[in-house]
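Student: I have a structure I would like to understand better, so I am pasting it below and will then ask my questions one at a time.
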Amino acid sequence: MIAREDAYNLVKKYIRKENLIKHSLAVEAIMRAIARKLGRDENLWGLTGLLHDIDYEYTYDDPSEHGIVACQMLEGLLPEDGLNAIKAHNYQYTSHTPIRTIEKAMVAADAVSG
2 MIAREDAYNL
12 VKKYIRKENL
22 IKHSLAVEAI
32 MRAIARKLGR
42 DENLWGLTGL
52 LHDIDYEYTY
62 DDPSEHGIVA
72 CQMLEGLLPE
82 DGLNAIKAHN
92 YQYTSHTPIR
102 TIEKAMVAAD
112 AVSG
């Protein structure tokens, strides 16, 4: 699994808008807090939150690709649970219905972070 510093460097490489970087950091913090409360893997959940919008600026004009492209970019860097949560956070367009707890948490964290 990717190290947190390396994940943050990817965010800075692929996301240019400062407010979107702040959003990603907020989602990371929310996901870590939820994981802690539920006794889950804080590192996995946090990294998933941090990286969930890494493709946003590239898929802005095609929402059906948002999350899918991110998972392609992150293949081998996050476990399948994290990748599925990234797909699920845009379930309205990706048809990846949030079922697992990490997927539902990802949808909620993204929504409440603004």
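Be aware that the sequence shown starts at 2, since it is given in this note's numbering, and climbs by one per residue. Cβ atoms here follow ideal geometry from the backbone N, Cα and C, with glycine treated the same way. Computed from a predicted model, the values in this text were never measured in an experiment.
(1) Give the C-beta separation of leucine 52 and leucine 79 to the nearest angstrom, bearing in mind that I take them to be a contact with Cβ-Cβ under 8 Å.
(2) Give me whichever residues DSSP pairs with leucine 79 in a beta bridge.
(3) Could you check what DSSP says for proline 99 in three-state terms: helix, strand or coil?
(4) Is alanine 89 near histidine 97, with beta carbons less than 7 Å apart?
(5) Can you give me the C-alpha to C-alpha distance between arginine 5 and asparagine 91, rounded to a whole angstrom?
(6) Please confirm if the segment 40-50 is in contact with the segment 99-112, defined as three or more CB-CB distances below 8 Å between the two stretches.
Tutor: Well, looking at it:
(1) 7 Å
(2) Glu76
(3) coil
(4) Contact flag set, yes.
(5) 23 Å
(6) yes
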